[in-house]
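For the sequence shown, UniProt numbering gives the first residue as 1, with consecutive numbering after it.
Ideal Cβ positions, reconstructed from N, Cα and C, are used throughout, including at glycine.
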Amino acid sequence: MSLDNFKKQTITWDMINQAFEQPIQIMEGDVNARTLLLKITDNGSVLDLTGYSVKLTYQYMYKSQSGFIMLTPNDISKGEFTLIIPTEMTVSGLIKSNLILLNESSEQVIVSKNLTFISDNSTVTDLAQEVNNKIDDFTKLLLENMPQVLRSELNDLHAQTDSNKSNIELKANLSDMTSLQSAMTELKNEVEAFGVSPENLVTIKSLLDAIASNASELEVVELINSVKVLTSNISLMSNGDYAPKANQTDLESLQHTVNNQTATISTKANQTDLDNLQATVDKQVVAISTKAEQSDLSITNKNVTTAQETAKQAETEAKNAIAKATEAQANSLPLNGNAVSSSKLATARKLGVNLQASSFQNFDGTADVTNIGVSGVLPIANGGTSTTDGVINTIAYANSADGTDGFTTVYPNLNLLVNSSAKTKDGFFKNFDKVENGYGEVTIKGTNKWFAKDLKDGFSINPRDYKPNDKYTISMDVMFTSWNAPAGTTISGLWIGQRYTSGGGINSWKLICTIDLPKDPSKTLNQWIRITQTSTIPPYEDPAVGTQAAIMAKFTGPSEGSFTVRVRKPKQEEGSIATPYMPSSREVTTADYPKYVGFSNIIKPNKKVSDYKWLPMGLVSIDSATGSLNPAVIGIDCAQAHPVGSVVTNNSNLSSGYSTGKWENIGSAVIGSTTIYYWKRTA
1 MSLDNFKKQT ITWDMINQAF EQPIQIMEGD VNARTLLLKI TDNGSVLDLT GYSVKLTYQY
61 MYKSQSGFIM LTPNDISKGE FTLIIPTEMT VSGLIKSNLI LLNESSEQVI VSKNLTFISD
121 NSTVTDLAQE VNNKIDDFTK LLLENMPQVL RSELNDLHAQ TDSNKSNIEL KANLSDMTSL
181 QSAMTELKNE VEAFGVSPEN LVTIKSLLDA IASNASELEV VELINSVKVL TSNISLMSNG
241 DYAPKANQTD LESLQHTVNN QTATISTKAN QTDLDNLQAT VDKQVVAIST KAEQSDLSIT
301 NKNVTTAQET AKQAETEAKN AIAKATEAQA NSLPLNGNAV SSSKLATARK LGVNLQASSF
361 QNFDGTADVT NIGVSGVLPI ANGGTSTTDG VINTIAYANS ADGTDGFTTV YPNLNLLVNS
421 SAKTKDGFFK NFDKVENGYG EVTIKGTNKW FAKDLKDGFS INPRDYKPND KYTISMDVMF
481 TSWNAPAGTT ISGLWIGQRY TSGGGINSWK LICTIDLPKD PSKTLNQWIR ITQTSTIPPY
541 EDPAVGTQAA IMAKFTGPSE GSFTVRVRKP KQEEGSIATP YMPSSREVTT ADYPKYVGFS
601 NIIKPNKKVS DYKWLPMGLV SIDSATGSLN PAVIGIDCAQ AHPVGSVVTN NSNLSSGYST
661 GKWENIGSAV IGSTTIYYWK RTA
């Protein structure tokens, strides 16, 4: 470890985990024991604190000393600051202080942290300790009076001193001291040209001569360390601008310092050295006084008075800040009452869920909570029923006894399209090229234009008869048997449905209820594809705007494009769910309705046909007590198994047996010697 870093301390102030080792020990005479590197982090991560500053306020316990220090940025982009403990904080005792992070622009306190220092007696001799303190005082005086033009000269001195660091080791001899004295002599010669008397610096040289002649080798080493601090402090002057004249207070302070120094080193230095030092100081007083005009001194005295008043006010504010910070620190982590924050409870608590309860329970950490209720629906995949009441009965419909033909869990709605069954060439299929085998076929072609095949007769609801914001769903099976798009020609904009057009100077072209056809069916030719699409009805357009129902296609390019498409089981229904195909109310027969109903109480998602029990429609009922599916008894209500639109059969010509909903007789048939009646639920 380099001697430069011996006893230097580093502490990390983390905004999340704020604790760090305390108290911090400082010593009066040990230079590096008075240097502290502060690193500020956020949960271990580096913080960029550009625009922020750190202040340390302090108060001696059982003594009146107090004050504050602004920390010097070390690497502010990494949140690093340097604290150099001043002489005022090296008096032995216990020191309570606060680190305060400030926003420089608003001077707002961001966060603070309590800090405790213990100042101990120095590990160096009284002589070196006193010299260090006096040099510190002399540095302050020099900083207050050093002219701006000396900055470069002082930097040169600092460079010279750094070049000799390798020679100033723990066992420095008198030749090292001679080298240091030579550097001080060179400084004297260089600054003389700028109007500063040589006597301004001869005080230090005389002091060094006296100590070097009489001090032990260890004391010389301690003195060298003190001079290093002086060199470092003088280098700071390159960052400031200082007036070249000293006021009377400075002169008196210097005189007082030398008088104290004389008493301290009297046992080491002979009387001749002391007399020379006193004479030098007297000359310095005369030299500096000659340079300082009385008017300047008067102005300086006023400035000093103002500075003293400001310092007193700052001291008062610092004491108040320390008191408030101490109070805030005491309240931030209370031993009793409401906790501000914590990583875990001091005592672990147990939490228990009661599956038979639904009420919430409060938990404040003071005791176990074992009766927490649950709410919501638990999915089947997680062991639940996916229902709010726990009932998992489901119903399905089909056209065969085993449920495989036309299996659906959604009862089909009636169709709103006209002649959707493609039995004749009218209604929806009126303008198709041919209609056969339950589908209609049309060929559409064009060159660089829009093409429309009229479907106006296929919709039972006119474009302006919809209610805005209602939802309607169109579904159908489509098959493309040809697709001809020559090079340079594209076919796009394929859809079937209704839209607004233009009129009255308005070009609307808003879609009302439509379904898009596959965009590129060339890879699925001769395959039936099921498509569905839900439309939200737009607001009404101006009455002058026209409407249209058609198959639309856009041909772009110089060559003719064409395609042939087949459509079967087209259906339009209200709502956003596409139910199985059914004809319209004018076309439907009893044969079009599901003929079998299936019931299942198995707990599983995505039930299959085999998960249901199947019975003919009209011949089943649900036991309300057990939820089981039973054969129906004539005259007993079985309507609960059938939603509105259902068709059931029985051998009664009366609807009195159905107490749920409204039923309408839609026909009958004689099977053997029994007449079977068909009933449709209308409400």
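Close-in-space but distant-in-sequence residues of the same chain around residue i (CB under 7 angstroms, 5 per side omitted)
i, result
"Gly365", "Leu345, Arg349"
"Ala683", "Val644, Gly661, Lys662"
"Pro616", "Lys595, Tyr596"
"Ser508", "Tyr500, Thr501, Ser502, Glu541, Val545"
Proximal residues to residue i (C-beta, below 6 angstroms), its chain only, five neighbours per side dropped
i, result
"Ser266", "Confidence in Ser266 is poor, its pLDDT being 45 and thus under 50, which makes the residue's placement unreliable; the coordinate value appears in the next sentence. Once the five neighbours on either side are set aside, Ser266 has no close Cβ partner at all."
"Ala549", "Leu455, Lys456, Phe459, Gln498"
"residue 722", "Not covered by the structure: residue 722. The range shown for the chain is 1 to 683."
"Ile551", "Lys453, Ile496"
"Thr532", "Ser475, Ala578"
8 angstroms Cβ cutoff met for residue i and residue j
i, j, result
"Ile474", "Gly497", "yes"
"Gly427", "Asp454", "no"
"Asp470", "Glu573", "no"
"Gln361", "Val369", "yes"
"Met479", "Arg566", "yes"
"Val46", "Leu101", "no"
"Gly406", "Ala396", "no"
"Tyr439", "Thr579", "no"
"Asn526", "Thr481", "yes"
"Tyr678", "Ser652", "no"
"Thr514", "Ser535", "yes"
"Gly403", "Val609", "yes"
"residue 695", "Glu80", "Here the chain comprises residues numbered 1 to 683, so residue 695 is not present and cannot be evaluated."
"Leu417", "Pro570", "yes"
"Ile537", "Ile577", "no"
"Asp14", "Gly44", "yes"
"Lys39", "Thr10", "yes"
"Ser66", "Glu315", "yes"
Boundaries of the beta strand (DSSP E) in which residue i is found, first to last residue
i, result
"Asp75", "72-75"
"Ile603", "Segment: none, Ile603 is in no beta strand (DSSP E) and carries neither H nor E."
"Gln108", "108-120"
"Asp42", "35-42"
"Ile537", "Neither: Ile537 is in no beta strand (DSSP E) and is coded neither H nor E."
"Thr547", "547-556"
"Arg499", "490-500"
"Gln59", "52-60"
"Phe480", "471-484"
"Met582", "From DSSP, Met582 is part of no beta strand (DSSP E); its letter is neither H nor E."
"Asn363", "Residue identity differs from the one stated: residue 363 is Phe in this sequence, not Asn. Taken as a continuous stretch (DSSP letters only), Phe363 belongs to no beta strand (DSSP E), as it is neither H nor E."
"Ala396", "394-398"
"Arg566", "561-574"
"Trp13", "9-14"
"Thr343", "The question names Thr, yet the displayed sequence has Ser at residue 343. Unbroken run through Ser343: none, as it is neither H nor E."
"Asp402", "First-last for Asp402: undefined, no H or E at that position."
"Ala348", "Premise fails: Ala348 is in no beta strand (DSSP E) and is neither H nor E."
"Gln65", "Where Gln65 is concerned, there is no enclosing beta strand (DSSP E), given that its DSSP letter is neither H nor E."
"Val435", "434-436"
"Pro616", "613-616"
"Tyr439", "439-446"
"Asn371", "369-372"
"Leu99", "93-103"
"Met89", "It is not in any beta strand (DSSP E) - Met89 carries neither H nor E in the DSSP assignment."
"residue 690", "No answer is possible for residue 690: it lies beyond the span of the chain, which begins at 1 and ends at 683."
Supposed contact pair residue j and residue i - C-beta distance, whole angstroms, cut 8 angstroms
i, j, result
"Leu49", "Ile69", "With 8 angstroms as the limit, Leu49 and Ile69 do not qualify as a contact, their Cβ atoms being about 17 angstroms apart."
"Ile603", "Asp611", "The Cβ separation is near 10 angstroms, so there is no contact."
"Phe432", "Lys425", "7 angstroms"
"Thr564", "Thr443", "4 angstroms"
"Lys607", "Thr347", "Actually they do not touch by this definition, with Cβ atoms about 49 angstroms apart."
"Pro539", "Pro486", "That belief does not hold up - the Cβ atoms of Pro539 and Pro486 are roughly 41 angstroms apart, past 8 angstroms."
Cut-off 8 angstroms between Cβ atoms - residues of its own chain near residue i, not counting five sequence neighbours on either side
i, result
"Ser97", "Leu56, Thr57, Tyr58, Gln59, Asn114, Leu115, Thr116, Phe117, Ile322"
"Asn462", "Thr547"
"Ala357", "Asn371, Ile372, Gly373, Val374"
Worksheet entry | At least 3 beta-carbon pairs within less than 8 angstroms: the segment 14-27 vs the segment 85-103 | The way I'd put it, the segment 14-27 does touch the segment 85-103; three or more beta-carbon pairs between them come closer than 8 angstroms.
Worksheet entry | Cβ pair count under 8 angstroms reaching 3, the segment 93-105 against the segment 56-63 | Touching, per the Cβ criterion.
Worksheet item: Counting Cβ pairs closer than 8 angstroms, one from the segment 442-453 and one from the segment 551-565, do we hit at least three?
Response: Using a Cβ-Cβ distance cut-off of 8 angstroms, the segment 442-453 and the segment 551-565 are in contact, since at least three pairs of beta carbons, one from each stretch, lie closer than that value.
Worksheet item: Does the count of Cβ pairs from the segment 573-587 and the segment 500-515 closer than 8 angstroms reach three?
Response: No, the segment 573-587 does not touch the segment 500-515.
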